[in-house]
């Protein structure tokens, strides 16, 4: 299929959305709800996931290649990095690699925490790689927040196993939150906000809301990213308000491996069927 | 360091042990107990794990490169593939890639199940990739066994989180085994043997032994592999019985990424400290 249709004035602009896997489909879901007239190209670099165990240099190379695919091959005029690890470790490298605006997930999450918190103390849970980068801590501190981060490595496998509303998952969340709040108390923090710093975690949002202490706000970084992207996008691209919305959203899905798993699990994240995932080879 | 010392008659022969990560250290632990005079080189291809989400062609290329490193750079005279995915999908390719004997983990596990089972019906649990390959089912059926396989994708993350003797892990095992035995009963099987078809699972052996139905045997594929390797090795290499055993085992560890995590978690698998992991670059 040619990408020339993306370059005519008659079609809406394309937003490229990138993740190392398919967790970023929660961001696409949030974007679709806000920009039903846009055209989206989603790439999951599934052959090379997880990024979390890899070096910064390798992650930057993979993410830059992925962004270039979305811009050069799919005509994306705006790229959303729906991957916490790539945002935390490689946002600059991606911005250098493509000539279009690139938005990562960390800053919008930190800004939403700043807006939500009264005490100024926030908790962030994420994958090990995101926590080790301290990208959320840096972004939160730049906004005057005090922050405690914790890696929760069991949550992604639990989501991928489909144990979304499962007593084992509820118990794992209870244990992680108990450890985190005890550590926060020992540090003299009084947190009132919890940031879900991984694009898999929105599927567990209701479990988190039942598990957090009374009054604690739960911030979904996927929602925060989508809100920020819509603001930036509407400021730069004109035609989304004009013309009729399509009956079906204009979506294309690409993966570098595991198309079958992508189609099977992706619908859970997107909350609608994910069909016709196209296999692409980015090398490496 | 030169590898020439491996080629003199004065030093014991080197056994190369390979895994995509460090789960294979359970195999090295079992080998060390049986061959305390051997010299071992262990390679974890941690930069490219997990192999489970990758295609057979890619796994074969990665595993062949890893085996070649052990033979060419470390002078290994025998290679043990302590990785179920690589054994299941790429044993032939690895054997073609190096001029020394190569032993995988599947056949020894199946042979141990054949020796243990009275009813002839066995259960195999493993990662999703190993189950999807049906390598255990093929090997077991070739020995006249009936077999039911099940993927247990939460167990590796639970081990890596350190929840080795944890109520959540016990509950996850209970759920998986209940699903597996119910399915076996529905198929008319009468299983009396459970094969732990992943090199992470030996760390959960005591939980499994408490969870299985009374009388069911638990087969550790790492132990089975080590026993077979020792038999084959003693048939081919002479000097292991001669000379004094070293005060400290002759071990070198190599990883393609994540040296810190390897050292931190590896000691749990090896049951002794893992220090001085050397970083190697295999390309790709």
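Chains as they are written, first to last, in my numbering: chain A, 91 to 374; chain B, 91 to 374.
Glycine included, every Cβ here is placed at the ideal spot set by N, Cα and C.
With a threshold of 8 Å between beta carbons, residue 258(B) makes contact with chain A.
Around residue 262(B), the beta-carbon contacts reaching into chain A at under 8 Å are 258. Contact check for residue 368(B) and residue 343(B): beta-carbon distance about 7 Å, within the 8 Å limit, so the pair qualifies. Taking a beta-carbon distance threshold of 8 Å, residue 126(B) does not count as an interface residue toward chain A.
DSSP places residue 347(B) outside both helix and strand once states are collapsed to three, so it counts as coil. Rounded to whole angstroms, residue 113(A) and residue 172(A) show a C-alpha spacing of 8 Å. Secondary structure remark: continuous alpha helix (DSSP H) runs of at least 4 residues inside the region 107-165 of chain B, in chain order: 115-124, 146-158.
Closest in C-alpha terms to residue 271(A), from the list 207(A), 130(A), 211(A), 107(A), comes 211(A). Take residue 149(B), set aside five residues on each side of it, and the residues of its chain with a beta-carbon closer than 8 Å to its own are 141, 175, 176, 179, 180, in chain order. Membership of residue 239(B) in the beta strand (DSSP E) is indicated by the continuous run 236-241. Secondary structure of residue 318(A) (DSSP, three-state): helix.
Considering only beta carbons, the part of the region 265-283 of chain A lying closer than 9 Å to chain B consists of 265, in chain order. Residue state for residue 271(B) is assigned as helix, using DSSP reduced to three classes.
In this structure, 312(B) is the residue among 275(B), 255(B), 312(B), 131(B) with its C-alpha nearest to the C-alpha of residue 292(B). Considering only beta carbons, the part of the region 344-362 of chain A lying closer than 7 Å to chain B consists of 347, 348, in chain order. Residues of the region 130-147 of chain B with a Cβ closer than 7 Å to any Cβ of chain A, in chain order: 136, 137, 139, 143, 144, 145. Per the DSSP secondary-structure output, residue 175(B) pairs with nothing in a beta bridge.
The bridge partners DSSP lists for residue 216(A) are 241(A). Taking a beta-carbon distance threshold of 8 Å, residue 244(A) counts as an interface residue toward chain B. In terms of CA proximity to residue 229(B), 213(B) leads the group 340(B), 101(B), 213(B).
By the criterion of a C-beta distance shorter than 8 Å, residue 222(B) is surrounded in its chain by 241, once the five residues flanking it on both sides are discounted. If you draw a straight line from the Cα of residue 201(A) to the Cα of residue 152(A), it comes to about 27 Å. By the C-beta density criterion, residue 350(B) is exposed, having fewer than 16 other C-beta atoms within 10 angstroms.
Out of 283(A), 264(A), 155(A), the CA that lies nearest to the CA of residue 204(A) is found in 283(A). Judged by their CB atoms, residue 281(A) and residue 209(A) are nearer to each other than the 8 Å cut-off.
A distance below 7 Å between beta-carbons, with the five flanking residues on each side excluded, links residue 187(B) to the following residues of its chain, in chain order: 154, 157, 158.
For residue 372(A), there are no C-beta contacts with chain B under 9 Å, since the nearest C-beta of that chain is about 13 Å from it.
In the structure shown, the three-state DSSP call for residue 284(A) is strand. Distance from residue 123(B) to residue 106(B) at the Cβ level is roughly 18 Å; contact not present, criterion being Cβ atoms closer than 8 Å. The contact set of residue 251(A) on chain B, defined by CB atoms closer than 7 Å, consists of 243, 244 in chain order.
Under the three-state reduction of DSSP, residue 190(A) is assigned to coil, being neither helix nor strand. Ranking 108(B), 206(B), 109(B) by CA distance to the CA of residue 307(B) puts 206(B) first. Just measuring C-alpha positions, the residue of 110(B), 163(B), 133(B) sitting nearest residue 144(B) is 110(B).
In the DSSP annotation of this structure, the continuous segment of the alpha helix (DSSP H) that includes residue 295(A) starts and ends at 295-301. The beta-carbon of residue 179(A) is placed no less than 8 Å from the nearest beta-carbon of chain B. Leaving aside the five residues that flank residue 146(A) on each side, the residues in its chain whose CB is nearer than 6 Å to its CB run, in chain order, 179.
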